[in-house]
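Since the structure comes first, as structure tokens, the remarks are kept for the end.
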Amino acid sequence: MKHALRITALAALAVAAQAASAQELVVRIGHVAATSGGAAHLGKDNENGVRMALDELNAKGLTIGGRKAKFELLAEDDAADPKQGTAAAQKLVDAKVNGVVGHLNSGTAIPASRIYSDAGIPQIAPSVTNPKYTAQGYKTTFRMVANDAQLGGTLGRYAVEKLKARTIVVIDDRTAYGQGVANEFEKAAKAAGANIAKREFTNDKATDFTAILTSVKAAKPDVVFFGGMDAVGGPMLRQMKQLGINARFMGGDGICTAELPKLATGALADDMVTCAVAGGVEAGQRGALDKFKADYRKRFGQDVQIYSPYTYDATMVMAEAMAKAGSAEPAKYLPVLAAISTKGVTGPIAFDAKGDIKNGALTLYTFRGGAMAELAVVR
Numbered sequence: 006m007k008h009a010l011r012i013t014a015l016a017a018l019a020v021a022a023q024a025a026s027a028q029e030l031v032v033r034i035g036h037v038a039a040t041s042g043g044a045a046h047l048g049k050d051n052e053n054g055v056r057m058a059l060d061e062l063n064a065k066g067l068t069i070g071g072r073k074a075k076f077e078l079l080a081e082d083d084a085a086d087p088k089q090g091t092a093a094a095q096k097l098v099d100a101k102v103n104g105v106v107g108h109l110n111s112g113t114a115i116p117a118s119r120i121y122s123d124a125g126i127p128q129i130a131p132s133v134t135n136p137k138y139t140a141q142g143y144k145t146t147f148r149m150v151a152n153d154a155q156l157g158g159t160l161g162r163y164a165v166e167k168l169k170a171r172t173i174v175v176i177d178d179r180t181a182y183g184q185g186v187a188n189e190f191e192k193a194a195k196a197a198g199a200n201i202a203k204r205e206f207t208n209d210k211a212t213d214f215t216a217i218l219t220s221v222k223a224a225k226p227d228v229v230f231f232g233g234m235d236a237v238g239g240p241m242l243r244q245m246k247q248l249g250i251n252a253r254f255m256g257g258d259g260i261c262t263a264e265l266p267k268l269a270t271g272a273l274a275d276d277m278v279t280c281a282v283a284g285g286v287e288a289g290q291r292g293a294l295d296k297f298k299a300d301y302r303k304r305f306g307q308d309v310q311i312y313s314p315y316t317y318d319a320t321m322v323m324a325e326a327m328a329k330a331g332s333a334e335p336a337k338y339l340p341v342l343a344a345i346s347t348k349g350v351t352g353p354i355a356f357d358a359k360g361d362i363k364n365g366a367l368t369l370y371t372f373r374g375g376a377m378a379e380l381a382v383v384r
């Protein structure tokens, strides 16, 4: 009799478990970034931000349309390669993800955005700054940070007005990101009265810049602007020092990382570099961001690089739109996402008609004592 009762109890538990499972809503969030190659530290940082958000959402037990949501991460590596980026995007579409946070780079996010658009899947880019990304007219593309027109333009004006630069050399790595930010910098610096003595280019895998820098030295620039990532910018700084080029070094968010001093291996003098990160918070928002950074360090045993707070916010915004729409189906929550107005650890979040962040902030930095030092937050 006891044996029969035990079987009945077990059967009841199995039925209850099946019912609970039927009630549970599995929500798959895709994330794509370069988690291998020279930008791997930035890609992993972005991925970690999504992980933190999903862990919190699962711990909180968020309900969507009356069902408890279980969030799962589908992470892909695009190695900053456009072909690999589109392959990763198609893989996520085939897996029927409910939304995508990514990619890290403009060069992979732009071609991938068409694939997400065709599938009707919302894509929130946390660190993509090329204006083309949201200029394509897709209703599924959203951006968490200010674009290159704002970032490059701000740096161009800063070079002339604050650093008093008159002769400038511009170098880019021929990626969509590097060329984009360099073009906007050059345009703004020229408009402010600077002479662009040379425009040079390299690639995002280069390590030897002797020929370029010999040409740069002959121009005697006040400022060298580099459009590219820290993995190239660091060695470039080291070789500038070896050649005796004493110009200020400027760049966008690609070089504005905690890794730059290590990559420059002792060539980074105080106040030599001025860079800008798309994003930033004013004094009133610092507490929330500082808490995020402390929680991140506790969770991963390392400091935030740049954009993990934005991937965290992007994931939370996506989940909020799903909850408000009462559905994780892309077609149902997409209009809610487009009209969202909320606040994250990075500040106010709302998107304009193109999907760009409204009133996006920029933070200007330099390096002192081998560490990043904030100069100003501008909008």
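Numbering (the numbering used here), first residue to last: 6 to 384. Even glycine gets a Cβ: it sits at the ideal position worked out from N, Cα and C.
*Note down, in chain order, each residue of its chain lying with its Cβ closer than 8 Å to the Cβ of L367, except the 5 sequence neighbours on either side.*
A151, Q155, L156, T159, A281, V282, A283, G284, G285, V382, V383 and R384
_Distance CB(A181)-CB(G161) smaller than 7 Å_ = no
*asked:* Just to confirm, is the Cβ distance from F214 to Q244 under 7 Å?
replied: yes
_Considering Cα atoms alone, identify which of A117, R302, N110 and E191 is closest to K96._
A117
*If you drop the 5 nearest sequence neighbours on each side, which residues of the same chain put their C-beta closer than 8 Å to that of V322?*
I129, L342, I345, T347, G349 and I354
_Between which two residues does the beta strand (DSSP E) holding P116 run?_
Unbroken run through P116 is the alpha helix (DSSP H), S111 to A124; no beta strand (DSSP E).
*In whole angstroms, what separates the C-alpha of D385 from that of V98?*
The question about residue 385 has no answer, for the chain in this structure spans 6 to 384.
*So who's on the other strand from F254, going by DSSP bridges?*
V229 and V278
*asked:* Applying the 10 Å Cβ sphere with the 16-neighbour rule, what's the burial state of E166?
replied: exposed
*Please report the residue range of the beta strand (DSSP E) in which E379 lies.*
A376 to V383
_Is it buried or exposed, A196, if we count other Cβ atoms within 10 angstroms and call 16 or more buried?_
exposed
*asked:* Buried or exposed for V31, going by 16 or more other Cβ atoms inside 10 Å?
replied: exposed
*So K222 and I250 are in contact, right, with Cβ under 8 Å, and what is the actual spacing, rounded?*
5 Å
*Write down every uninterrupted run of the alpha helix (DSSP H) in the region 197 to 251 whose length is 4 residues or greater and which is fully enclosed by it, in chain order.*
215 to 224 and 235 to 247
*Are D50 and S313 closer than 7 Å when you measure CB to CB?*
yes
_CB contact flag (P335, P127, <7 Å)_ = yes
*Between the CA atoms of S332 and E29 - distance to the nearest angstrom*: 13 Å
*Taking C-alpha atoms, which residue in L339, Y370 and K329 lies nearest to L67?*
K329
_R304 versus V105: straight-line alpha-carbon distance, rounded_ = 23 Å
_Among the candidates A38, L339, F230 and G375, whose CA atom is the shortest distance from the CA of V170?_
The residue you asked about is not Val; residue 170 is Ala in the sequence shown. A170 has its Cα closest to that of F230, out of A38, L339, F230 and G375.
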